[in-house]
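Numbering-wise, my numbering comes out as the position in the sequence shown, counting from 1, plus 12.
Accompanying notes for the structure given below.
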Amino acid sequence: MAKGKTVFVCQECGSESPRWAGRCSVCGAWNSMIEEKVPEFKEDDKRRRTGSRAGGHAAGKPEKLKSVTAQTFTRMKTGIDELDRVLGGGIVRGSLTLISGEPGIGKSTIIIQAAAEIAAKEGPVLYVSGEESEEQIKMRADRVCGDMSDDLFVLSETNMENISAITEQTDFKFIVIDSIQTMYSDELDSAPGSVSQVRTCGNELMRIGKGKNIPIFIVAHVTKSGELAGPKIVEHLVDCVLQFNGERSQDLRILRAAKNRFGTTSEIGAFEMTEKGLESIQNLSRSFLDGMEENIEGSVAAAVYEGTRPLLIEIQALTASTNVGFARRTSLGVDARRLNMIIAVLERKAGLDLINKDVYVNVVGGLRPEGTSTDLAAAIAIHSATLGRPVKGRTLAIGEIGLTGELRPVQNADRMVNEAARMGFDRVILPASGKDEIKKAPDGIQLIRAKSIREALKAY
């Protein structure tokens, strides 16, 4: 399309002509040509992205939605099963992914592993680090990657203009920026990591990724509260936001997607930190239940459904007499407001006296489950710890607790029960109102139905 001139567009087929005609030369329609003004624009305007797409109009002309051809998003496998699972099956070409986590949690480790795998299978990969030298990156790669491809390139650079120039010289298949807070642009005088610099560098990376159809991984720092540092606009720009969690004193690492335009945000990935880097954990339930003892008070197994798979976890509770002041309610992995509600139901509907007792609840393994499927397990653990009454055998508890003390069914309970049978459990306590979902119990497992919290507490 010509710039800054008048063109004539056919209302029937959308074809353009530099001059008016009574009949369209493409579709043959009569008197269908209308005059349109094409606005001026700058070819080197880096803030624009509409002209970079294939076949797009550089002047930003509106198009009919039904006539837009939908692209088929192809995915690039990273070679790391759990990372591909969280991403929705792999990295979408041309997408931007933001990954965050506390220092030392393993962000750079998992990215260099993915970069090495992609370089070996797809082609040239550029790893840009603003925090480490090439020698430091090589030391980590030697430890976690093994044999490295000749297509894995590393660059220690913080200037965004230099990075953009290098991407023009080589047809890279994948780019890593570690980290966005260390990058700066010559167009601004502010220091790297400032709001304006992070925003400008994020826009430039978006232009490179979308214009060249290159997937880009961006590492981001976090604040003391665990949130992404920098302007919130960066999270809106990218296609996927990954959060890497875990305790540095433990080997387990959990990867979640807080945002994913090409997949679900309910999926999690589990990794184990080893001397050779991060390794995917295939049997996650076994990892969470490792070390769980039988016939002990204050400990019971629960089930949650994360993405496409059920997970079994251990919930522990401890109660102790309050010596000074008000009773404390402390939870790790369980929402504090949800815990207060469960304690209130136990006091009013189950007759459990907790007013002068400190209550501690912990989800073993550091997982923070979402939803209400762990309500019943938390209540049984608190009841068991208070009365000193052990939970019988290998028992799993599933169910949501209402304010009236009734038990409500949860979604995917049938798959949770099947996972319990696979893991060797012999008893499952669950709401009586979910009979239609689980019509037949798996072999070797007993289903105990309970209508209320009182019935469930008698059954364990």
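Glycine included, every Cβ here is placed at the ideal spot set by N, Cα and C.
Residue(s) in a DSSP beta bridge with residue i
{"i": "lysine 463", "result": "Note: lysine 463 sits in no beta bridge, so no partner."}
{"i": "cysteine 22", "result": "Met45"}
{"i": "tyrosine 317", "result": "Pro322"}
{"i": "alanine 332", "result": "Asp370"}
{"i": "glycine 289", "result": "Thr286"}
{"i": "cysteine 252", "result": "Thr109, Asn272"}
{"i": "glutamate 28", "result": "Val21"}
{"i": "glycine 281", "result": "Leu267"}
{"i": "glutamine 458", "result": "Arg439"}
{"i": "serine 311", "result": "Gln328"}
{"i": "tyrosine 196", "result": "Asn171"}
{"i": "asparagine 215", "result": "Note: asparagine 215 sits in no beta bridge, so no partner."}
{"i": "arginine 35", "result": "Trp42"}
Exposure label - residue i; buried when at least 16 CB within 10 Å
{"i": "glutamine 423", "result": "exposed"}
{"i": "glutamine 23", "result": "exposed"}
{"i": "cysteine 25", "result": "exposed"}
{"i": "histidine 395", "result": "buried"}
{"i": "alanine 153", "result": "buried"}
{"i": "alanine 14", "result": "Because the pLDDT at alanine 14 is just 42, under 50, the model does not fix this residue reliably, and the point stays unresolved."}
{"i": "glutamine 125", "result": "buried"}
{"i": "valine 440", "result": "buried"}
{"i": "cysteine 36", "result": "buried"}
{"i": "glycine 488", "result": "Since the first and last residues shown for the chain are 13 and 472, residue 488 lies out of range."}
{"i": "asparagine 295", "result": "exposed"}
{"i": "leucine 77", "result": "exposed"}
{"i": "cysteine 252", "result": "buried"}
{"i": "alanine 329", "result": "buried"}
{"i": "serine 333", "result": "exposed"}
{"i": "arginine 65", "result": "Below a pLDDT of 50, predicted positions are generally treated as unreliable, and arginine 65, at 46, falls in that range; no measurement from the model is reported."}
{"i": "proline 204", "result": "buried"}
{"i": "cysteine 39", "result": "exposed"}
{"i": "asparagine 174", "result": "exposed"}
{"i": "leucine 344", "result": "exposed"}
Boundaries (first-last residue) of the beta strand (DSSP E) holding residue i
{"i": "lysine 369", "result": "369–375"}
{"i": "isoleucine 189", "result": "186–190"}
{"i": "phenylalanine 165", "result": "164–168"}
{"i": "serine 297", "result": "No beta strand (DSSP E) holds serine 297; the alpha helix (DSSP H) holding it covers 296–301."}
{"i": "valine 137", "result": "137–141"}
Of the listed residues the options, nearest to residue i (C-alpha basis)
{"i": "serine 299", "options": "Met435, Asp426, Pro402, Glu247", "result": "Met435"}
{"i": "asparagine 430", "options": "Ile450, Arg420, Gly417", "result": "Ile450"}
{"i": "leucine 388", "options": "Ile410, Gly377, Ala397", "result": "Ile410"}
{"i": "serine 278", "options": "Leu108, Glu382, Ile220", "result": "Glu382"}
{"i": "glutamate 47", "options": "Glu309, Arg35, Val19", "result": "Val19"}
{"i": "isoleucine 355", "options": "Glu305, Asn335, Ile413, Ala177", "result": "Ile413"}
{"i": "threonine 331", "options": "Asn374, Asn307, Val357, Ile220", "result": "Asn374"}
{"i": "valine 376", "options": "Pro243, Asn352, Ala315, Gln458", "result": "Ala315"}
{"i": "glutamate 216", "options": "Leu254, Asn171, Lys185, Val253", "result": "Asn171"}
{"i": "proline 4", "options": "Gly456, Ile228, Pro443, Ile226", "result": "This structure leaves residue 4 out entirely; the chain is present only between 13 and 472."}
{"i": "leucine 167", "options": "Ser29, Ser191, Gly158, Gly363", "result": "Ser191"}
{"i": "isoleucine 308", "options": "Ser385, Thr407, Asn257", "result": "Thr407"}
{"i": "serine 161", "options": "Tyr372, Ile465, Val188, Glu129", "result": "Glu129"}
{"i": "lysine 244", "options": "Val210, Glu144, Ala41", "result": "Val210"}
{"i": "serine 79", "options": "Tyr139, Ala453, Ser27, Phe283", "result": "Ser27"}
{"i": "threonine 121", "options": "Ile187, Asp426, Ile220, Thr286", "result": "Thr286"}
{"i": "alanine 348", "options": "Val371, Arg360, Leu366, Thr334", "result": "Val371"}
{"i": "alanine 462", "options": "Arg219, Asp426, Glu418", "result": "Glu418"}
{"i": "asparagine 257", "options": "Ile220, Leu379, Ala471, Asn368", "result": "Leu379"}
{"i": "glutamine 255", "options": "Thr212, Gly113, Met45", "result": "Gly113"}
{"i": "lysine 208", "options": "Glu359, Tyr317, Leu351, Ala241", "result": "Sequence check: residue 208 is serine here, not lysine. When only C-alpha atoms are compared, the closest one is Ala241."}
{"i": "lysine 1", "options": "Ala397, Met45, Arg155, Arg360", "result": "Residue 1 falls outside the range modelled here, since the chain spans only 13 to 472, and no answer is possible."}
{"i": "isoleucine 226", "options": "Pro136, Gly400, Ile117", "result": "Pro136"}
{"i": "leucine 249", "options": "Ala132, Leu110, Ile92", "result": "Leu110"}
{"i": "glutamate 75", "options": "Val21, Ser464, Lys119", "result": "Val21"}
{"i": "serine 464", "options": "Val357, Asp365, Ala433", "result": "Val357"}
{"i": "isoleucine 230", "options": "Asp159, Glu199, Thr194", "result": "Thr194"}
{"i": "glycine 118", "options": "Asp163, Lys369, Ser292", "result": "Ser292"}
{"i": "alanine 127", "options": "Ile228, Glu143, Gly100", "result": "Ile228"}
{"i": "glycine 100", "options": "Leu267, Asp159, Trp42", "result": "Leu267"}
Run of the alpha helix (DSSP H) containing residue i, from where it starts to where it stops
{"i": "alanine 177", "result": "172–181"}
{"i": "arginine 341", "result": "From DSSP, arginine 341 is part of no alpha helix (DSSP H) but of the beta strand (DSSP E) over 341–344."}
{"i": "leucine 478", "result": "This structure leaves residue 478 out entirely; the chain is present only between 13 and 472."}
{"i": "glutamine 148", "result": "146–156"}
{"i": "isoleucine 117", "result": "Segment: none, isoleucine 117 is in no alpha helix (DSSP H) and carries neither H nor E."}
Notebook entry, point to check: Can you list, in chain order, the stretches of the alpha helix (DSSP H) that have 4 or more residues and sit fully within the stretch 74–108?
Noted result: 93–99
Item checked: Any beta strand (DSSP E) of 3 or more consecutive residues that is wholly inside the stretch 222–246 -> 228–232
Margin query: Quick check for students: name the residue ranges of the alpha helix (DSSP H) that lie wholly in the stretch 387–447, counting only runs of 4 or more.
Written below: 387–399, 425–434
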